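A quick write-up on the structure given underneath.
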Amino acid sequence: MAMTTTASPSTSAVVGATNAELHEATVLALDKENLKDASAAIKKLVKEKSLTPAHQRQIVSAWAKGNTVWLDEKTNSIKEKKYYTVEDLEKLQVATSDQVAAELPSTDSAGDSGIAKNSASSSSTGNSKARQQFEDELLLDKHELTKEQKRRRREEKEKVIVDIMKRLKKSRKEALEYIEQGGLDAEKMQAEMGAPTDKYWDEIQEKGPPEWFQKAFEEYEKKKEAGELDENGDPVWGEILQKTEGGGPLAGEQEAQNNDVESASVKPAAVEDLDALS
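Each residue of the sequence shown is one higher than the one before, starting from -19 at the first, in my numbering.
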């Protein structure tokens, strides 16, 4: 009697599926900078026993260095190499060995074929080295520049925060709120517009007061010397009225004011009756 057995997935198939998920997680971590979802994908593989906690630590360490990872079927260990983004690959327009061989003219003779193979091998080796060197330099510069920019950005931000804390006597939290609320933008705008008042006083100190101000001040001094102003600089109306006793506009105005006061002091009879009842 023939026995039927259920075929279990081969090791290669399991490793292949694991590596496919590892690739997706790597794209999330390095291309899209979505470490949260990438880490969740790795934890899922550990939970399914496709990876071990040791594998998980190796993967995170490789990502930190900007490397892609895969599970080696023979050694059951995590391997890593430099990760190339789509942008990197688009820039690398160096022919592969297969492309070089395909572009060579085909020959029927064994000798010519051997020469062609050697030529292709030599060309592919040279191109491969040049390509690898170009890729290494490109990737190295790219990663260094990114890290340098991040480091400089952190340092510059810290300098700005400390400057605000010292200059405006704020706590670190208040300094961060000041930045978020556009305080630095307002300072920059004010600096670009300038301070009109400060500029005006600077011109006065340099050139002296304007002519209209000098005339007004001289007139003020004359009135003060003539006794028309008190010690506070207010007009002394008694002195002015004495000078206008002989008539004139001021005397007429004062007489009208006196008449108004006298007429206002005389109460009507009805008002007096109300006062008596109260």
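Virtual Cβ for every residue (Gly too), placed ideally from N, Cα, C.
Remember, predicted model here, so these are calculated numbers, not experimental data.
Cut-off 6 angstroms between Cβ atoms - residues of its own chain near leucine 31, not counting five sequence neighbours on either side: Short of 6 angstroms from the beta carbon of leucine 31, and not among the five residues preceding or following it, lie these beta carbons of its own chain, in chain order: Leu25.
- request: Quick one: using the 10 Å Cβ neighbour count with 16 as the cut-off for buried, is leucine 10 buried or exposed?
  value: Of the residues assessed, leucine 10 falls on the buried side of the cut-off, its CB having 16 or more other CB atoms within 10 angstroms.
Between the CA atoms of glutamate 13 and tryptophan 43 - distance to the nearest angstrom: Here the alpha carbon of tryptophan 43 sits roughly 10 angstroms from the alpha carbon of glutamate 13.
query: What do you reckon, are the CB atoms on isoleucine 159 and lysine 150 nearer than 8 angstroms?
result: Isoleucine 159 places its beta carbon 8 angstroms or farther from that of lysine 150.
field: Check: serine 57 C-beta below 7 angstroms from any heavy atom of the ligand SAH
entry: The ligand SAH is absent from the structure shown, which contains no ligands of any kind.
- prompt: What are the complete alpha helix (DSSP H) segments, minimum 4 residues, inside the region 19 to 61?
  reply: Counting only runs of 4+ residues, the alpha helix (DSSP H) found wholly inside the region 19 to 61 occupies 33 to 44, in chain order.
Alpha-carbon to alpha-carbon, asparagine 47 and lysine 61: As the crow flies, the alpha-carbon of lysine 61 is around 5 angstroms from that of asparagine 47.
task: Please classify threonine 6: is it buried, with 16 or more other beta-carbons within 10 angstroms of its beta-carbon, or exposed?
output: Threonine 6 is buried by the Cβ-count criterion.
Close beta carbons around leucine 2, own chain, < 7 angstroms, minus the five adjacent residues each side: Hits under 7 angstroms: Val49, Trp50, Leu51.
field: Straight-line Cα distance separating lysine 45 from serine 19
entry: Taking the straight line from one Cα to the other gives about 16 angstroms.
query: Hey, out of Tyr200, Glu138, Met169, whose CA is closest to glutamate 152's CA?
result: Reading off the sequence, residue 152 comes out as arginine, not glutamate. Out of Tyr200, Glu138, Met169, Glu138 has the C-alpha closest to the C-alpha of arginine 152.
query: In terms of residue numbering, what span does the alpha helix (DSSP H) encompassing glycine 162 cover?
result: For glycine 162, there is no enclosing alpha helix (DSSP H), as DSSP gives it neither H nor E.
- prompt: Do you know how far the Cα of lysine 168 is from the Cα of valine 40?
  reply: For valine 40 and lysine 168, the distance between alpha carbons rounds to 42 angstroms.
task: Measure the beta-carbon distance from glutamate 53 to valine -5 and round it to whole angstroms, keeping in mind my assumption that it falls under 8 angstroms.
output: Contact flag correct, Cβ pair sits at about 5 angstroms.
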